[in-house]
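> Please read through the structure below; I'll follow up with questions.
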Amino acid sequence: MTGLILRRLVQLPIILAVVYTLTLTLAWAIPGNPLENPEGRQPPAEVMEAMKRQYNLDSYWKFYFSYLYNALGIRWMHEELTGRAEAAARQAAAAGQAPPPRYIFDLGPSLQYEDWRVNEIVAGALPVSVTLGGAAILLALVIGLAAGVIGAVRPNSLADLATLTIALVGISLPSFVIGTLLLLIFPVALGWGRIAAWGSPTDAILPALTLSLPFAAYIARLTRMGMIEHLGADYIRTARAKGVSEARVLLKHALKNAFLPVLSFLGPAAALAMTGSFVVEKVFTVPGMGQHFVNGVLNKDLFLIMGVVLIFATMLILFNLAVDVLYRWVDPRIE
Amino acid sequence: MARLLIPFVLLVLALAVAVLSDRPQPRADFVFINRGDVATLDLQRMSWMQDFRVARILFEGLVQHDVFSHDYAIKPGVAERWEVSEGGRVYTFHLRANARWSNGEPVRAHDFVYAWRRALLPDCASDYYKLFELIDGAKEFYAWRQAALDAFKPGDDAQALWEQTQRKFDQLVGVKALDERTLRVELVRPVPYFLDLCAFAVFYPVYPPLVSQYEKPDPRTGRLDIQSGWTKPGVLVSNGPFELKLWRFKRDLRMEKSEHYWNKDAINIDSISIPSVEDPNAQVLAFTSGAVDWVSDVTPPYRGDMYQDKLAFYREHREQYEALKAQGLDPVEIDRRLPPDPRKNIHAFPAFGTYFYNFNCAPRLVDGRENPFADPRVRRALAMAIDKKRIVEQVRRIGEPVATTLIPPGSLPGYESPKGLEYNPQKARELLAEAGYPGGQGLMTIEILFNRDGGHDVIAQAIARDWQEKLGVKVSLQQQEVKVFRNEVKKHNFIVSRAGWFGDYGDPTTFLGINRTGDGNNDRLYSSERYDSLLEQAEHETDPAARLALLAEAERVLVEEDLPLIPIFHYSQIYLFDPHRVSGISSHPRQSQNMFLVDILGDGKGAERPLALPPRPLGPDGRPISERSMSGMVRTGAAEAAGSGGEAGEPAARATTAEPASEPEVAP
């Protein structure tokens, strides 16, 4: 187990380096100038050139290494060691002001949203997305497992058919349709809940439900298949012959084994759900991470793209590691 | 099985903690959805309408506009009075003694000098630095700094250069703090709209002790490394009616009434909040559910239907509506006097902007082909073949006025707009034949370049159909992502492209300047000695009326003879608000909206006196004078509501012949 964790942690920086290089290369190739407003006035050419130099946007390799210099905390250390940080703090104190904030892992400024650093953007959006994604995964588990078990107990019955249909709808209907329908039914028609608001716990219910449905549908199908397979196994017949109650047979014996494929699905699913969904965020006006993937690319906001992609990659790797650890813990047979 | 549950129980607990730690804020007195997210609160770096709107709530300039006067009169702000001397070239502002920053410190003349110097640094890359070039010596200073930065080599002393720059500014530039409360500004020439500029947020002051912490010379390049952390709540020091309390990225921005503002007793609400809602449909839903009091840019595809519903409401109350309109009342005031009805909540006010089509006017296209559109006759022919009335009535459907000029007529007091070209396919065909393309023969395929979204495609299709059917020319449509589109236009790689322009300040030059030879926004590469020289003459004309006449002549050349662009329609700004509940939103075509004037009617707080533009005086025919400047909506609305009887002439004909607003109509 420790070996596995260590191995994965050694792999982490290598994978991140590959992701970093690939993403930057692709993002660099996006047409357009990230410093330019899509509409309105443009700064003169010489100013634009100087700004490009300031942000190291004039050369791929300069950007490549200067980004790493900031993001890995080397600049922070450099400023600490040379005393520049201390000098700035003294100067601010002399003027009666707090010194400008500094970040150890500085992900740079957003080129589109001039007043924000990527660190601030992520610090605001990631907790929201993790909350929403976590709630969605929980909901998906409850809905998916229940539907899967019902379907497996009476395959091809009416209940099975109904859950299968709902699962199919959940997978195939795009979330902007489901989301808008839910909005129209609950807050608009019935007056339950708020629209375009985020802050109270109830605001998370509808977006979490919308976000959970595709995951729930997939979990339902995985559970049903696993359950049907295991319910026909010898050890279940043995358990039933021993006189174990049906509920215990289903939940303790069959479900435990049928759950393993669900568990392996949960790793990437959780990372996906917790780094936000552009569509769900847009429909319900959730201030999460998903929008930054899309807007970052549309605006060619290089710092933002790199920041959110690296965080997504890190989460994906860590969640997969967590699932692997859980896997071994649940089923010690697995090496 | 129990083992399996542990991680999920932990997840539930974590979620509960996350949810409980993120308590919602109480609803603000006034909640509105801005035109888009605020990009920056750094005054000198702003360039978006939504940023300026927030800037005017948080900060205050030397002067401000009276948005509820027809001539957008200048009112005192931080400056309680000012003198103009040397024929309008020198302004001396006297700052009021009780103007305060939000930390209680007095606003000093030096704070303006500091802010204006920032705007003039190439390091700051202010989109509006050109406006400051009207100040004596500013151009020289900018050029000097740019040259110094270009000559800077790594290893040079960046700090020394920065200190030298500050001395140079004091030497060269005609902005001086004579004492703590007196600011003297010397201009290169008399500029009749200078006070209007002083009401523009780029000219507002910043608090130097704070901002200077975020501007350090970069030893690598010599440039000031300008960071923006000072615009955050808890850090920002501002001098306006409200203070920044909360700003969460893409989530919300909240402001509360400032205790230090000199005129705080005139403020009628305690808090303003701006949630970030991007989806146009969600914006409308948020308004209908009461979560939001004002949607400042209504864009869902069904807004045309919403607007048509309002016209239906007017038809139902036709007599009363006509009577109120005949008194020359502000459209908001008319709505307030009609019975309450949710259909009334949508408002279409004329905006200070125009939607138009660019022609590439260069002798050769980027691909090397000879450009037939370098010939003004061809451009005129194409302009006269567009049925703009059909576009506004069947495509846009929100009552926007047809445009034949670049500057919305009636938006600038004293300015007589030219007539522009009328819709005349017959004449267009003759012109095209005269230019050597009878029946469109021999003319290359016209490619219309436009960006995806925003409904530009439907407009392009309508125009393409007109050109094909009326002139027999071949047209192809080219749709691009906005970034690519922008790039192509900037490289002048187009034949015809879609465009739009909103004015920044109350002078014709805010529109006309973009067609000067060599202007950074002259995407058309239009170059006319006559046009340039008219603008040049206007610069040196000291008599205001003669100056406006010169500018009007320049616009006439633009929209009647040379047509480097075809004006299609003047924008309307579509709002959602309940006129019985919200006061303080102006229907003036300049549309810069001072949200600190808002009063929620019936909440028992504030003056509870509904604001509206004063009624227009009646003309000899018993109708209000110069309707155009009141509202495009009312015009089209009336024509619809009254069939053909209520007003003379059909709307499109009137749009081409509409009398422009003459002289300041109602000076309050």
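Protein sequence lines correspond, in order, to chains S and U. Start counting the first sequence at 1; every next residue gets the next number (the working numbering). Start counting the second sequence at 1001; every next residue gets the next number (the working numbering). Glycine included, each C-beta is placed from N, C-alpha and C at the ideal position.
(1) Taking residue 160 of chain S as the query, report the chain U residues whose CB atoms sit under 9 Å from its CB, ordered along the chain.
(2) Are the Cβ atoms of residue 1116 of chain U and residue 1175 of chain U separated by less than 8 Å?
(3) State the start and end residues of the unbroken alpha helix (DSSP H) segment that holds residue 16 of chain S.
(4) Decide if the segment 1498-1518 of chain U is in contact with the segment 1330-1348 of chain U; the criterion is three or more beta carbon pairs, one per stretch, under 8 Å apart.
(5) With three or more C-beta pairs closer than 8 Å as the rule, is the segment 1590-1609 of chain U touching the segment 1260-1271 of chain U?
(6) Taking only three categories from DSSP, how would you classify residue 1522 of chain U?
(7) Could you run through the segment 1162-1192 of chain U and flag, in chain order, every residue whose CB is less than 9 Å away from some CB of chain S?
(8) Go ahead and label residue 1058 of chain U buried or exposed: buried means 16 or more other beta carbons lie within 10 angstroms of its beta carbon, across all protein chains shown.
(9) Using the three-state DSSP reduction, which class does residue 1539 of chain U fall into: helix, strand or coil?
(10) Measuring only the C-alpha atoms, how far is residue 1091 of chain U from residue 1276 of chain U?
(11) Could you check which residue in U:1319, U:1364, U:1518 and U:1476 has the C-alpha nearest to that of residue 1493 of chain U?
(12) Pick helix, strand or coil for residue 1599 of chain U, following the three-state DSSP scheme.
(13) Restricting to Cα atoms, I'd like to know which of U:1262, U:1193 and U:1481 is closest to residue 1097 of chain U.
(14) Can you find the residues in the same chain that come closer than 7 Å, C-beta to C-beta, to residue 163 of chain S, ignoring five residues on each side of it along the sequence?
(15) Please return the same chain residues whose Cβ sits closer than 7 Å to the Cβ of residue 1122 of chain U, not counting the five positions on each side in sequence.
(16) Going by beta carbon distance, what residues of the same chain come within less than 6 Å of residue 269 of chain S, once the five residues before and after it are set aside?
(17) Using the three-state DSSP reduction, which class does residue 948 of chain U fall into: helix, strand or coil?
(18) Give the single residue among U:1213, U:1164 and U:1581 whose Cα lies nearest to the Cα of residue 85 of chain S.
(19) Runs of 4 residues minimum, wholly inside the segment 56-104 of chain S: which ones carry the alpha helix (DSSP H) assignment?
(20) Can you tell which of S:203, S:256, S:301 and S:312 has its C-alpha closest to the C-alpha of residue 1005 of chain U?
(21) How would you call residue 121 of chain S, buried or exposed, if buried means at least 16 neighbouring beta carbons within 10 angstroms?
(22) Nearest to residue 1453 of chain U by CA position, among U:1467, U:1466, U:1481 and U:1470, is which residue?
(23) By DSSP's criteria, residue 252 of chain S is part of a beta bridge. Which residues make up the other side?
(24) Strictly under 8 Å for the Cβ-Cβ distance: is residue 1517 of chain U near chain S by that measure?
(25) Whether or not the segment 1531-1542 of chain U and the segment 1432-1444 of chain U are in contact is what I'm after, with contact meaning three or more pairs of Cβ atoms, one per stretch, closer than 8 Å; do they touch?
(26) Got a sec: is the Cβ-Cβ distance from residue 183 of chain S to anything in chain U below 8 Å?
(27) Could you confirm whether any beta carbon from chain U is found closer than 8 Å to the beta carbon of residue 58 of chain S?
(28) Residue 1080 of chain U: which of U:1508, U:1109 and U:1105 sits nearest, CA to CA?
(29) Going by the beta-carbon positions, is the gap between residue 47 of chain S and residue 274 of chain S smaller than 8 Å?
(30) Taking the CB atoms as reference points, tell me whether residue 338 of chain S and residue 327 of chain S lie closer together than 8 Å.
(31) Consult DSSP for residue 1492 of chain U and reduce its assignment to one of helix, strand or coil.
(32) If you reduce the DSSP assignment to three classes, tell me which class residue 1255 of chain U lands in.
(33) So, is residue 248 of chain S buried or exposed, given that buried needs 16 or more other C-beta atoms within 10 angstroms?
(34) Any idea what DSSP makes of residue 1181 of chain U, helix, strand or coil?
(35) Please classify residue 78 of chain S as buried or exposed, where buried requires at least 16 neighbouring CB atoms within 10 angstroms.
(36) What residues in its chain sit with their C-beta under 7 Å from that of residue 1371 of chain U, if we drop five residues either side in the sequence?
Result, derived from the coordinates:
(1) In chain order: nothing, as chain U lies at least about 24 Å away.
(2) yes
(3) 2-28
(4) no
(5) Result yes; three or more Cβ-Cβ pairs closer than 8 Å.
(6) coil
(7) none
(8) buried
(9) helix
(10) C-alpha separation (whole angstroms): 40 Å.
(11) Among U:1319, U:1364, U:1518 and U:1476, the Cα nearest to that of residue 1493 of chain U is on U:1364.
(12) Residue 1599 of chain U: strand per DSSP, three-state reduction.
(13) U:1262
(14) 147, 150, 151 and 220
(15) Closer than 7 Å at the Cβ level, and outside the excluded window around residue 1122 of chain U, lie 1142, 1145, 1146 and 1149.
(16) 215
(17) Here chain U comprises residues numbered 1001 to 1668, so residue 948 of chain U is not present and cannot be evaluated.
(18) U:1213
(19) 60-71, 74-82 and 84-94
(20) The shortest Cα separation from residue 1005 of chain U among S:203, S:256, S:301 and S:312 belongs to S:256.
(21) Residue 121 of chain S is buried by the Cβ-count criterion.
(22) U:1481
(23) In the DSSP output, where bridge partners are listed per residue, residue 252 of chain S has none listed.
(24) no
(25) no
(26) yes
(27) With 8 Å as the cut-off, residue 58 of chain S does not count as an interface residue toward chain U.
(28) U:1109
(29) no
(30) For residue 338 of chain S there is no data in the structure shown, the boundaries of chain S being 1 and 335.
(31) coil
(32) strand
(33) exposed
(34) coil
(35) exposed
(36) 1360, 1362, 1363, 1364 and 1365
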